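Each remark here refers to the structure printed beneath this line.
There are 2 protein chains.
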Amino acid sequence: MARAAGERGTVETQYAPIVEGGLDLDCGRRLDGVRVAYECYGRLNAARDNAILVCHALSGGAHAAGWHAGAAKPGWWDVLIGPGKAFDTDRYFVISSNVLGSCYGTTGPSSVEPSTGRPYGSRFPVITIADMVRVQRALVDRLGITRLRAVAGGSMGGMQALQWAVQYPEAVASVIALATSPSHSPQQIAFNEIARRAVMSDPNWRGGDYYHGEPPRAGLAVARMLGHVTYLSDRGMHRKFGRRRRPDARPYGFDTEFEVETYLEHQALAFVDRFDANSLLYVTRAIDYFDLAPPGGTLRDAFAGSEADYLFLTFSSDWLYPPRHLEAAADAAASAGRSVGYREIPSDNGHDAFLLEHEAQEPIIRAFLGDSAG
Amino acid sequence: MARAAGERGTVETQYAPIVEGGLDLDCGRRLDGVRVAYECYGRLNAARDNAILVCHALSGGAHAAGWHAGAAKPGWWDVLIGPGKAFDTDRYFVISSNVLGSCYGTTGPSSVEPSTGRPYGSRFPVITIADMVRVQRALVDRLGITRLRAVAGGSMGGMQALQWAVQYPEAVASVIALATSPSHSPQQIAFNEIARRAVMSDPNWRGGDYYHGEPPRAGLAVARMLGHVTYLSDRGMHRKFGRRRRPDARPYGFDTEFEVETYLEHQALAFVDRFDANSLLYVTRAIDYFDLAPPGGTLRDAFAGSEADYLFLTFSSDWLYPPRHLEAAADAAASAGRSVGYREIPSDNGHDAFLLEHEAQEPIIRAFLGDSAG
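Those protein sequences? They're chains A and B, same order as listed. According to numbering that gives the first Met the number 0, the first sequence is numbered sequentially starting from 0. According to numbering that gives the first Met the number 0, the second sequence is numbered sequentially starting from 0.
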């Protein structure tokens, strides 16, 4: 097992085959040979009741905490996971896995299709948040855990956390959902659709079969630039960039000239080197399909079927997942009789705040984990 | 002269050559042979002091009011321009012209470059809002008008209105600026840059020289889809689309399935048939450069140099041009001693509200025109 985050030394990603009989998906297809990439931090106790599953957002991976050998930065939620941190690895056994459909070790469209020996590409089945949770459940089973102390995540990670408590009510004691929504809104669907169009309009996408040639880098870059704007806030961008220009910028042209343009270009270029364009398509589509309410039912119905305590955290300047969306979820959960905490944290960091405002989050999460049903 | 909007019959766009010695631009280049497309509604009075210039937004044109022969819809601001309307053509002589850089009759990148006999493409000089205003000033001069009763516009049109009063203070009695900003914010620049990247990443763009081949339709479609999301609001999209799906949609795929996707696709396809991709690049860049404050100076300095009365209208759910941006302009104008009116109109129509909420705007504009200095 990987060493705990914060200990001297490094953590390593592990890989496990899961659901050996094949994974039955919401779309009706069965996926064979699914592998999941995961990391663990801390120690599972003898009662096996101190496990917390953390779930990543769109472009994240299993590496949530600690350091990989030679890495320049730690895992994506290292500020909150580790000894003495909000997700205290001296107390909890923290599990983090890469979602189905991603490109960081868990089976996805860039994985080799067993029946053809070639990457799936567009032959990969369309997946849902519930399918991602099925894979996580199989991993948790494999680790010998029947009930999670908590499932926690922000953005798409928060959707997984919400889905867990509805899909496997007996297996989830508490949910910590940050900067997310109980159903994907038309504005959020629209942004995802634009990102997908940018990728699929790139001639290098080739219907999804680009793995032996040049990937659709230009389209993926446009998609990522859009993503980053939605992760920031108007006020935050004023503070970070204003209307400042690059010192060497040539005015009256179409090169990157304003600092905000340079930032977006830099982020996009880094992203196209690290993320698979098809994974962006599949994961955003899974997000679009997310609606916690059962077909024909209400959000309250969804929460009524769960047994978990809930903590909802939102961030004042997050306009991609506006606080009122999760506030509505909190109201629905409370009216369904759940124990619910809701807090809106002031921040000008927009949607990114859930990865940045750890000082504000830490005491709230710590108190919730201390108070909520074990 | 075209017949007045609202009269029986139709209006026609007219064309005039302007600045015969060449137009000196902010970028330092001179543009020869500039032509401007314009329409007029109402009658210029003998004192020539009842003229109102209305300025269009990004993708608009000179056709602001009345009907073109055989058209399916009237001009873009017909709800506010006509006999008895807010811009009452029984009282005012309303002028509307297409901006420099556009593709609706005024010289732009799709126009033929006199020296080469070919469309400018990327050889067209980068322009500014001030350059657009220079062309409008030449048109107004040509019509024999030395002082405008008002300059009015929303979004980019509002920028032109603000610029007019600073650039030609003696020529502007009043300014009506709606749903705009006194300087383009980093978030707004970012959205424009993403739109440009989408166009310029399309292989059909060919460095801007696509006029003899297939235009960059796919890239322009992505750009327009993005534009439309920024013109709506989260709440308005909930109301218009929710998470409803097309009745014939095939689930678990990447075709347009949600109604919001269908809407964006429809809007984008209509746009690529009517707008020039290079014009999108040039006009968005002009918007990005817009900053009413003089170099090294403040917004208050800008207003101190003008002589106009101001009416600022914002819309509560407009997050592309948030009310507080124009509220700051109102504060600066008031502190510079200008007569200022500011109103935030409640609406869930987002940025589009300035084209839709005419019932709320009409009495405010009418009262302002009645009260403000003639």
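Built from N, CA and C at the ideal position, the CB exists for glycine as well. Just so it is clear, the structure is predicted and the values come from calculations on it, not from any experiment.
Discussion item. Applying the 10 Å Cβ sphere with the 16-neighbour rule, what's the burial state of residue 3 of chain A?
Written reply: Residue placement at residue 3 of chain A is poorly supported in this model, since its pLDDT is 48, which falls under 50; the coordinates are not used for a value here.
Discussion item. Please list, in chain order, the residues of the stretch 184-202 of chain A that have any C-beta partner in chain B closer than 8 angstroms.
Written reply: The residues in question are 184, 185, 186, 188, 189, 190, 192, 193, 195, 196, 197, 199, 200, 201 and 202.
Worksheet item: If you compare alpha carbons, which of B:32, B:121 and B:327 is closest to residue 114 of chain B?
Response: Of all alpha-carbon atoms in B:32, B:121 and B:327, the one lying nearest the alpha-carbon of residue 114 of chain B is that of B:32.
Worksheet item: Is residue 38 of chain A close to chain B, meaning its C-beta is less than 7 angstroms from at least one C-beta of that chain?
Response: So no, residue 38 of chain A is outside the interface.
Practice prompt. Would you verify that the beta carbon of residue 89 of chain B is, or is not, closer than 7 angstroms to some beta carbon of chain A?
Written response: Chain A, which has no Cβ nearer than 7 angstroms to the Cβ of residue 89 of chain B, makes this no.
Worksheet entry | Within 7 angstroms, strictly: CB atoms of residue 315 of chain B and residue 346 of chain B | Yes, they are a contact pair.
Practice prompt. For residue 229 of chain B, name the three-state secondary structure that DSSP assigns.
Written response: Reduced to three states, the DSSP call for residue 229 of chain B is helix.
Fill in: Neighbour flag for residue 225 of chain A against chain B, beta carbons, 7 angstroms
Proximity of residue 225 of chain A to chain B, defined by a Cβ-Cβ separation below 7 angstroms, is satisfied.
Worksheet entry | Euclidean distance between Cα positions of residue 176 of chain A and residue 309 of chain A | Between the C-alpha atoms of residue 176 of chain A and residue 309 of chain A there is a straight-line separation of about 8 angstroms.
Item to complete: Starting from residue 374 of chain B, follow its DSSP beta bridges and name the residues at the other end.
Response: Shown here, chain B extends from 0 to 373; a query on residue 374 of chain B therefore has no answer.
Item to complete: State buried or exposed for residue 169 of chain A, treating a residue as buried only when at least 16 other CB atoms are found within 10 Å of its CB.
Response: That one is exposed.
Practice prompt. List the residues of chain A whose Cβ lies closer than 9 angstroms to the Cβ of residue 237 of chain B, in chain order.
Written response: For residue 237 of chain B, the residues of chain A that pass the 9 angstroms Cβ criterion are 184, 185 and 186, in the order they occur in the chain.
Worksheet item: If you pair each beta-carbon of the stretch 250-261 of chain A with each one of the stretch 233-252 of chain B, do three or more pairs fall below 8 angstroms?
Response: Short answer: they don't touch.
Worksheet item: Is there at least one Cβ from chain B nearer than 7 angstroms to residue 54 of chain A's Cβ?
Response: No - not a single Cβ of chain B is within 7 angstroms of the one on residue 54 of chain A.
Worksheet entry | Three-state class that DSSP yields for residue 80 of chain A in the structure shown | In the structure shown, residue 80 of chain A sits in a strand (DSSP, three-state: E or B).
Worksheet item: Would the beta-carbon of residue 60 of chain B fall within 7 angstroms of that of residue 119 of chain B?
Response: With contacts defined as CB atoms closer than 7 angstroms, residue 60 of chain B and residue 119 of chain B fail to qualify as a contacting pair.
Worksheet item: Between which two residues does the beta strand (DSSP E) carrying residue 374 of chain A extend?
Response: Any question about residue 374 of chain A goes unanswered here, given that chain A covers just 0 to 373.
Practice prompt. Keeping to the same chain, check which residues put their C-beta closer than 6 angstroms to that of residue 154 of chain B; ignore five residues upstream and five downstream.
Written response: Taking residue 154 of chain B as the centre and dropping the five residues before and after it, the same chain places the C-beta of 56, 178 and 179 closer than 6 angstroms to its C-beta, in chain order.
Fill in: Straight-line gap, residue 359 of chain B to residue 84 of chain B (C-alpha atoms, nearest Å)
So the two alpha carbons sit approximately 12 angstroms from each other.
Discussion item. Quick check on residue 324 of chain A: buried or exposed, where buried means 16 or more other Cβ atoms within 10 Å of its Cβ?
Written reply: Buried, because 16 or more other Cβ atoms sit within 10 Å of the Cβ of residue 324 of chain A.
Practice prompt. Leaving aside the five residues before and after residue 279 of chain A along the sequence, list all residues of the same chain whose C-beta is less than 7 angstroms from its C-beta, in chain order.
Written response: Within the same chain, residue 279 of chain A has close Cβ partners 194, 198, 219 and 222.
Worksheet entry | Beta-carbon proximity of residue 132 of chain A to residue 166 of chain A, cut-off 7 angstroms | Between residue 132 of chain A and residue 166 of chain A, the C-beta gap is smaller than 7 angstroms, which places the two residues in contact.
Item to complete: Would you please verify whether the beta carbon of residue 294 of chain B is less than 7 angstroms from any beta carbon of chain A?
Response: No, no contact with chain A.
Worksheet entry | the stretch 321-339 of chain A / the stretch 22-37 of chain B touching (three or more Cβ pairs under 8 angstroms) | Look at the beta carbons and you see the stretch 321-339 of chain A not touching the stretch 22-37 of chain B: under three pairs across the two are nearer than 8 angstroms.
Practice prompt. Kindly indicate which three-state DSSP category residue 320 of chain A falls into: helix, strand or coil?
Written response: Coil, per DSSP.
Worksheet entry | Close Cβ partners of residue 68 of chain B (< 7 angstroms) along its chain, the five nearest in sequence each way excluded | So the qualifying residues of the chain are 9.
Item to complete: Please list, in chain order, all residues of the same chain as residue 200 of chain A whose beta carbon is under 7 angstroms from its beta carbon, the five residues on each side excluded.
Response: Hits under 7 angstroms: 218.
Worksheet entry | Spatial distance of residue 206 of chain A from residue 121 of chain A (CA atoms) | The alpha-carbon atoms of residue 206 of chain A and residue 121 of chain A are separated by roughly 7 angstroms.
Item to complete: Give me the Cα-Cα distance between residue 183 of chain A and residue 185 of chain B, rounded to the nearest whole angstrom.
Response: A direct Cα-Cα distance of roughly 26 angstroms separates residue 183 of chain A from residue 185 of chain B.
Fill in: CB contact flag (residue 284 of chain B, residue 331 of chain B, <7 angstroms)
No, these two residues do not count as a Cβ contact at 7 angstroms.
Worksheet entry | Local conformation of residue 19 of chain B per DSSP, three classes | Annotated three-state conformation of residue 19 of chain B is coil, per DSSP.
Discussion item. Could you check whether residue 159 of chain B and residue 375 of chain B sit closer than 7 angstroms to each other, using their CB atoms as the reference points?
Written reply: In the structure as shown, chain B begins at 0 and stops at 373. Residue 375 of chain B is therefore absent and cannot be evaluated.
Worksheet entry | Coil, strand or helix - residue 257 of chain A by DSSP | Reduced to three states, the DSSP call for residue 257 of chain A is strand.
Worksheet item: Shorter than 7 angstroms from the beta carbon of residue 240 of chain A to some beta carbon of chain B?
Response: Taking Cβ atoms only, chain B reaches closer than 7 angstroms to residue 240 of chain A, which makes this a yes.
Worksheet item: Which bits of chain A does residue 217 of chain B rub up against, with CB to CB less than 7 angstroms?
Response: 200, listed in chain order.
Practice prompt. Return helix, strand or coil for residue 363 of chain A, following the three-state DSSP convention.
Written response: Assignment of residue 363 of chain A by DSSP, reduced to helix, strand and coil, places it in the helix class.
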